[in-house]
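Below: one structure, written as structure tokens.
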Amino acid sequence: MQGYRAALLRFLPDDTMERIDDALVVVDQGRIADAGAFDAVAARFPQLDWVDWRGRVLAPGFIDVHVHFPQLDVIGSPAEGLLPWLENYTFPHEARFADPAYASAMAELFLDELLRNGVTTAMVYCSSHAASAEAFFEAAQKRSLRMVAGKCLMDRNSPEPVRDDTRRGLAQSQFLIERWHGRDRLGYAITPRFAPSCSDEQMRGAAELAEAFAGTWVQTHVAENRDEIAWVAQLFPDARSYLDVYDRLGLLRERSMFAHCIHLDAADRARLTASGASAAVCPTSNLFLGSGLFDFKAAAQAGFQWGLASDVGGGTSFSPFRTMLAAYEVARLGGVTLSPQALWYRHTLGAARAMGLDGLVGNLSAGHKADFIALDARVTPLLARRTGSAWSLDEWLFAMIVLGDDRAIADSVVAGTTMPRLTPPSRTG
Ligand SMILES: [Zn+2]
Numbered sequence: 003m004q005g006y007r008a009a010l011l012r013f014l015p016d017d018t019m020e021r022i023d024d025a026l027v028v029v030d031q032g033r034i035a036d037a038g039a040f041d042a043v044a045a046r047f048p049q050l051d052w053v054d055w056r057g058r059v060l061a062p063g064f065i066d067v068h069v070h071f072p073q074l075d076v077i078g079s080p081a082e083g084l085l086p087w088l089e090n091y092t093f094p095h096e097a098r099f100a101d102p103a104y105a106s107a108m109a110e111l112f113l114d115e116l117l118r119n120g121v122t123t124a125m126v127y128c129s130s131h132a133a134s135a136e137a138f139f140e141a142a143q144k145r146s147l148r149m150v151a152g153k154c155l156m157d158r159n160s161p162e163p164v165r166d167d168t169r170r171g172l173a174q175s176q177f178l179i180e181r182w183h184g185r186d187r188l189g190y191a192i193t194p195r196f197a198p199s200c201s202d203e204q205m206r207g208a209a210e211l212a213e214a215f216a217g218t219w220v221q222t223h224v225a226e227n228r229d230e231i232a233w234v235a236q237l238f239p240d241a242r243s244y245l246d247v248y249d250r251l252g253l254l255r256e257r258s259m260f261a262h263c264i265h266l267d268a269a270d271r272a273r274l275t276a277s278g279a280s281a282a283v284c285p286t287s288n289l290f291l292g293s294g295l296f297d298f299k300a301a302a303q304a305g306f307q308w309g310l311a312s313d314v315g316g317g318t319s320f321s322p323f324r325t326m327l328a329a330y331e332v333a334r335l336g337g338v339t340l341s342p343q344a345l346w347y348r349h350t351l352g353a354a355r356a357m358g359l360d361g362l363v364g365n366l367s368a369g370h371k372a373d374f375i376a377l378d379a380r381v382t383p384l385l386a387r388r389t390g391s392a393w394s395l396d397e398w399l400f401a402m403i404v405l406g407d408d409r410a411i412a413d414s415v416v417a418g419t420t421m422p423r424l425t426p427p428s429r430t431g
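Remember, our numbering sits 2 above the position in the sequence shown when you count from 1.
Here it is, written out as structure tokens:
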């Protein structure tokens, strides 16, 4: 059993946040056994050893509901929109993940980068190569991380090195499900890349797999970019909309995560809500690729679940602070003001709900897995000054969102183990 003494941020039953300035979190066998005001908790555990992290703020680890592990090196690649970006940067780069040694090295780097930014759970695209998913799951298992991932299915309209075969892609997915889904803290997401790159037969097969293997996830992209939508309309002339392509093939369901959801209409949003599927909102990616602005007002009216996501490499940062700030700015352009607590919720507890993982991760209370971060609001002079003068929790959170970055993540704790703190490689010579 291990205690951590610090300030504490967590969600109350009504989904608002509370801050306890002097708190104690007790971890037993990777789980939170107790958390609350120091004096009260310490009295219940008189023999407890605790780490003195006073000056830091403990908070739930961030959850990124849509990110591409093979796109670590694609970040910051300029292009005239989604389709040229895929063709010129992303597909050539993802081709390298056929090599297991390369995929393993990149999986380590990717997870290091997530943890350095305080992200302890994510829903992850691998490349179309089974080797990339193997490498990712192995690296995540080593760190005891709660991760959901899958290899891309893409049997058409993509270059040969990243294209898979309809039946072979499905057979590989089934093999990976049987090998990794439910093993330790790992889960499998059946991953049709996006409708233009998948045949009807492959998407139907994906839906059959999701039906056959209980608890598996589905992840894909929808309604990101206008050129993409026009292409989908050509490829699927009978579908009412882009989302309807997936609906007809059985992919709209609980535990399905649809990235972007920008250019939806009211019927799509109602269908998304009724199906129990969720949206991954990726504002830095949508701004970088010029895809469009997520409609936060319409999402609230429709009532579907959504969480925030980096969408690296279309997204420009692994940092949840950058993503929350971009979400705030995009919402403002749509006449909606998202509170700092609401932004934080969508990257932690709300994201856990969108993935169907609430009760397991996303909050810092007894029974949850001990996945949390220690924030240090003093790492830059301006952040220290601005958080120091905050007169409310919302002000403090907002200062973190606007001024914080990976330097403010002092430590990430996964299943009760403090992850090694990674520093950039030093230059020699
Ligand atoms: Zn994506």
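For every residue, glycine included, the Cβ atom is placed at its ideal position computed from N, Cα and C.
Give me the Cα-Cα distance between residue i and residue j, rounded to the nearest whole angstrom.
{"i": "G431", "j": "D267", "result": "Summary for G431: the model assigns pLDDT 43, below 50, so the residue's position carries little reliability, and this model does not support an answer."}
{"i": "R169", "j": "Q204", "result": "7 angstroms"}
{"i": "C128", "j": "E210", "result": "20 angstroms"}
{"i": "D413", "j": "Y91", "result": "33 angstroms"}
{"i": "F306", "j": "A197", "result": "21 angstroms"}
{"i": "L178", "j": "A142", "result": "14 angstroms"}
{"i": "F296", "j": "A392", "result": "30 angstroms"}
{"i": "A401", "j": "S341", "result": "12 angstroms"}
{"i": "E213", "j": "Q303", "result": "30 angstroms"}
{"i": "G406", "j": "L335", "result": "22 angstroms"}
{"i": "G418", "j": "A216", "result": "28 angstroms"}
{"i": "R181", "j": "L172", "result": "14 angstroms"}
{"i": "A151", "j": "A135", "result": "7 angstroms"}
{"i": "I22", "j": "L84", "result": "44 angstroms"}
{"i": "D2", "j": "V224", "result": "Given that the chain is displayed from residue 3 to residue 431, the structure contains no residue 2 and the question cannot be resolved."}
{"i": "A61", "j": "L237", "result": "46 angstroms"}
{"i": "T389", "j": "M259", "result": "35 angstroms"}
{"i": "P15", "j": "D249", "result": "33 angstroms"}
When you compare each of the options to residue i by their alpha carbons, which one comes out closest?
{"i": "G78", "options": "T286, G171 and G184", "result": "T286"}
{"i": "A311", "options": "G352, T339, L335 and V247", "result": "G352"}
{"i": "Q4", "options": "E397, M421 and L50", "result": "L50"}
{"i": "G294", "options": "D229, T350, Y248 and F238", "result": "D229"}
{"i": "Q343", "options": "F320, L399 and S367", "result": "L399"}
{"i": "L116", "options": "M149, T275 and F99", "result": "M149"}
{"i": "M156", "options": "P102, Q307, G207 and G305", "result": "G207"}
{"i": "A37", "options": "D17, R7 and P383", "result": "R7"}
{"i": "M19", "options": "D396, T419, M421 and V415", "result": "D396"}
{"i": "G337", "options": "G120, L172 and K299", "result": "K299"}
{"i": "R187", "options": "R334, P161 and E140", "result": "E140"}
{"i": "A97", "options": "R118, I65, H131 and V67", "result": "H131"}
{"i": "K144", "options": "V363, E110, P161 and M326", "result": "E110"}
{"i": "Y104", "options": "P72, E89, E82 and Y244", "result": "P72"}
{"i": "G252", "options": "I264, N159 and L274", "result": "L274"}
{"i": "M125", "options": "R118, K153 and V332", "result": "K153"}
{"i": "L147", "options": "T339, S367, L10 and V363", "result": "V363"}
{"i": "P161", "options": "Q176, P94, D373 and R242", "result": "P94"}
{"i": "K371", "options": "T325, A379, D360 and M108", "result": "D360"}
For residue i, which of helix, strand or coil comes out of DSSP?
{"i": "A42", "result": "helix"}
{"i": "R355", "result": "helix"}
{"i": "G431", "result": "Only weak support is given to the placement of G431: the predicted model assigns it a pLDDT of 43, under 50, and the question is left unresolved by the model."}
{"i": "K371", "result": "strand"}
{"i": "H131", "result": "coil"}
{"i": "G189", "result": "strand"}
{"i": "R170", "result": "helix"}
{"i": "P422", "result": "coil"}
{"i": "I403", "result": "helix"}
{"i": "M205", "result": "helix"}
{"i": "Q4", "result": "strand"}
{"i": "M19", "result": "strand"}
{"i": "G309", "result": "strand"}
{"i": "T218", "result": "coil"}
{"i": "F13", "result": "strand"}
{"i": "H262", "result": "strand"}
{"i": "H95", "result": "helix"}
{"i": "D413", "result": "strand"}
CB of residue i to nearest heavy atom of ligand 1: below 6 angstroms?
{"i": "A261", "result": "yes"}
{"i": "D75", "result": "no"}
{"i": "D396", "result": "no"}
{"i": "D313", "result": "yes"}
| Using 8 angstroms as the threshold, is the stretch 15 to 34 in touch with the stretch 265 to 281, meaning 3 or more CB pairs across them? | no
| task | Count the CB pairs spanning the stretch 191 to 200 and the stretch 220 to 227 that are closer than 8 angstroms, and state whether there are at least three. | result | yes
| request: May I ask you to verify whether the stretch 64 to 74 touches the stretch 353 to 360, counting CB pairs closer than 8 angstroms and requiring at least 3? | output: yes
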